[in-house]
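Scroll down for the structure; my scribbles are underneath it.
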Amino acid sequence: MFKRSRRAALLAALAAGSLALTACGGGDDGSSGSAKELKLWHYEGPDSAMGVAWNQAIKEFEASHPGVKVKFEEKGFEQIQKTAPMVLNSKDAPDIMEYNKGNSTAGLLSKQGLLTDLTPQVTKRGWDKLLGPTIQTTAKYDAKGVMGGDKWFGIPNYAEYLQVYYNKDMFEKNNLKVPTTFDEFVTALDTFAKKGITPLSNAGAEYMAQQYLYQLALTKADQTWVNNFERYTGKVDFHDAAWTYGATTFADWVKKGYIAKNSVSIKAEDAGTTFISGKFPMMFSGSWWYGRFQKEIKNFEWDTFLWPDTNLTLGSSGNLWVVPQGSKNKDLAYDFIDITMKKGIQNTLGNNGGVPVAADEAGVTDAKSKELIKNFTTLTGKNALAYYPDWPVAGFYDTFVTQTQKLINGSATPDKVLTDLQKAYDSGLPK
């Protein structure tokens, strides 16, 4: 999701002027070797791990490709999410861009013929040797646009997962320890709520609310359930035990004050900044916040813990570098991707609060960052990554936002919400 970060951050620090880069020879796919400009889009904040690492990648690219300029255009996650199919089918398409992974996003664009098949470059440059099987799943799609296919349409250079960020000072003030069981987690939520403190920061207008619901459902699910939902390997019933538990518990948490009713219109950026300000004890969200929290939280101590008592949690590869089919400078785009996969850039990503996919273990020296990477290794080691709820079918992100908002404001029952999710899912399945 959103991934990345998933917030619609404006990248003014990177957008301030073009950066000089260099040219290389013509490609085997007909792209021009005489290009003097590489048009690049991504939506990571300048202080995020990805923003810092990719800015370094641009500088390294400049050193090895004299004469070419990168034209960076600042974009937001939501903006690209909604407009990519239209933009990539026009003369305004970039040469390379960050795009969300999953059937309803990268898969859909690959099916529509809007993305370049990167398989020859993957083989040539050895990118497949750097990416584990779980990470590869979201980069490869079949003819129907279903992930886990046979052709590479994107390259992730980082990974991501969800965890609970918590305010250590607020926990200590209320005599709470880090929960290691789900019951202890609920006890912590209840302790704060009874003191008039909303324990969980939430964004009902964007991705956070649906991710709470999905995580609750995952506590009652297994990997077969995930594959059925995400990859169409079996029947999906939104009124099964897992989905029912997720929706009813989410609605119950709103009623109990664990999640604020007024969060229905809050966006992810605002949910994150209110956690940074110290207003909320906890926030369940992605590793894409980690580097930013390291830099911006000054007034309290914070840490993270994995959602307790679950074999599955949200996570996957990071968002993908994709090369639009209409890119005029594909060779330059491939070279840029290659640089982001090098150990130097990967180490920078790791030391700034990101989850690298090909770092040198000894090259990541920051203690907090090491803990972040350790937790990811724990999850991948037990095959615990369950992707994201909006991935399976086109338009499901907006559907999920609408339906979880109804649970927050009480305008629909969990049963009605699940019925509407079932209809949207079934109608969007590939024919």
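Residue numbers (mature numbering (1 follows the signal peptide of the UniProt record, and there is no 0)): -23 to -1, 1 to 408.
We put the CB at the ideal spot given by N, CA and C, even for glycine.
Model, not experiment: these values are computed from the prediction.
Can you find the residues in the same chain that come closer than 7 Å, C-beta to C-beta, to residue i, ignoring five residues on each side of it along the sequence?
i: ILE316; result: ALA34, GLU37, PHE38 and ILE322
i: LEU195; result: THR287, LEU289, THR290 and ALA363
i: ALA237; result: THR175 and ASN179
i: GLN187; result: PRO366, ASP367, PHE377, VAL378 and THR381
i: VAL394; result: ALA224, GLN380, LYS383 and LEU384
i: MET318; result: TRP104, LEU107, ASN134 and ALA335
i: MET147; result: PRO258
i: THR168; result: ASN151 and LEU153
i: MET185; result: ASN179, ALA245, ALA248 and SER262
i: GLN271; result: GLY330 and LYS345
i: ALA361; result: ASN288, LEU289 and THR290
Grab me the residues of residue i's own chain with a C-beta within less than 6 Å of its C-beta, minus the 5 sequence neighbours each way, in chain order.
i: GLY28; result: GLU21 and GLY22
i: PHE252; result: SER178 and MET260
i: TYR244; result: The sequence shown places Lys at residue 244, not Tyr. Same-chain partners within the cutoff: ALA180, ALA182 and GLU183.
i: TYR138; result: SER264, GLY292, PHE353 and LEU356
i: GLY79; result: TRP368
i: ARG102; result: ASP315
For residue i, count the other beta carbons within 10 Å of its own beta carbon; 16 or more makes it buried, fewer makes it exposed. Which is it?
i: MET74; result: buried
i: MET63; result: exposed
i: PRO156; result: buried
i: GLN58; result: buried
i: GLY330; result: buried
i: LEU297; result: buried
i: LYS275; result: exposed
i: GLN98; result: buried
i: ALA40; result: exposed
i: ALA216; result: Here the sequence assigns His to residue 216, which means Ala is not the residue at that position. Counting Cβ neighbours within 10 Å, HIS216 comes out exposed, since fewer than 16 surround it.
i: ASN328; result: buried
i: SER67; result: exposed
i: GLN192; result: buried
What residue range does the beta strand (DSSP E) around residue i cover?
i: LYS238; result: Counting along the chain, LYS238 falls outside any beta strand (DSSP E), and DSSP gives it neither H nor E.
i: ASP392; result: That residue, ASP392, is in no beta strand (DSSP E); its alpha helix (DSSP H) goes 391 to 405.
i: ASP217; result: Segment: none, ASP217 is in no beta strand (DSSP E) and carries neither H nor E.
i: PHE49; result: 44 to 51
i: LEU139; result: 135 to 144
i: SER294; result: 292 to 294
i: LEU297; result: 297 to 299
i: TYR76; result: 73 to 76
i: SER87; result: From DSSP, SER87 is part of no beta strand (DSSP E) but of the alpha helix (DSSP H) over 85 to 88.
What are the boundary residues of the alpha helix (DSSP H) that residue i is part of?
i: VAL378; result: 373 to 386
i: GLU207; result: 200 to 208
i: ALA61; result: 54 to 64
i: GLU246; result: 245 to 253
i: ASP119; result: Here ASP119 belongs to no alpha helix (DSSP H), and DSSP marks it neither H nor E.
i: LYS212; result: Careful: LYS212 lies outside any alpha helix (DSSP H) and carries neither H nor E.
i: VAL155; result: Segment: none, VAL155 is in no alpha helix (DSSP H) and carries neither H nor E.
When DSSP labels each residue in this structure, what does residue i get in the three-state scheme?
i: PRO23; result: coil
i: ASP160; result: helix
i: PRO369; result: coil
i: GLY268; result: helix
i: LEU108; result: coil
i: GLY173; result: coil
i: LYS128; result: strand
i: ILE35; result: helix
i: LEU349; result: helix
i: MET318; result: coil
i: PRO333; result: strand
i: SER41; result: helix
i: GLU183; result: coil
i: THR342; result: coil
i: PHE277; result: coil
i: SER262; result: strand
i: LYS305; result: coil
i: LEU283; result: coil
i: LEU326; result: helix
Less than 8 Å separating the beta-carbons of residue i and residue j?
i: ASN386; j: VAL241; result: yes
i: PHE277; j: LYS150; result: no
i: ALA310; j: ASP72; result: yes
i: TRP230; j: GLY249; result: no
i: PRO407; j: LYS121; result: yes
i: GLY303; j: LYS320; result: no
i: THR114; j: GLY125; result: yes
i: PHE227; j: LEU166; result: no
i: GLY295; j: SER25; result: no
i: PRO212; j: ASN205; result: One point to set straight first is that residue 212 is Lys, not Pro, in the sequence displayed. Yes. Within cutoff.
i: ASN324; j: ASP312; result: no
i: residue 425; j: GLN140; result: As displayed, the chain neither begins before -23 nor continues past 408, which places residue 425 out of reach and without an answer.
i: VAL123; j: TYR235; result: no
i: TYR118; j: ALA83; result: yes
i: LEU15; j: VAL299; result: no
Give every residue of the same chain whose Cβ lies closer than 8 Å to the Cβ of residue i, excluding the five residues on either side of it in the sequence, and list them in chain order.
i: ALA401; result: VAL370, GLY372, PHE373 and THR376
i: TRP279; result: TYR142, TYR143, ASN144, LYS145 and PHE270
CB of residue i to nearest heavy atom of the ligand ZN: below 7 Å?
i: GLY44; result: This structure does not include the ligand ZN; it has no bound ligands of any sort.
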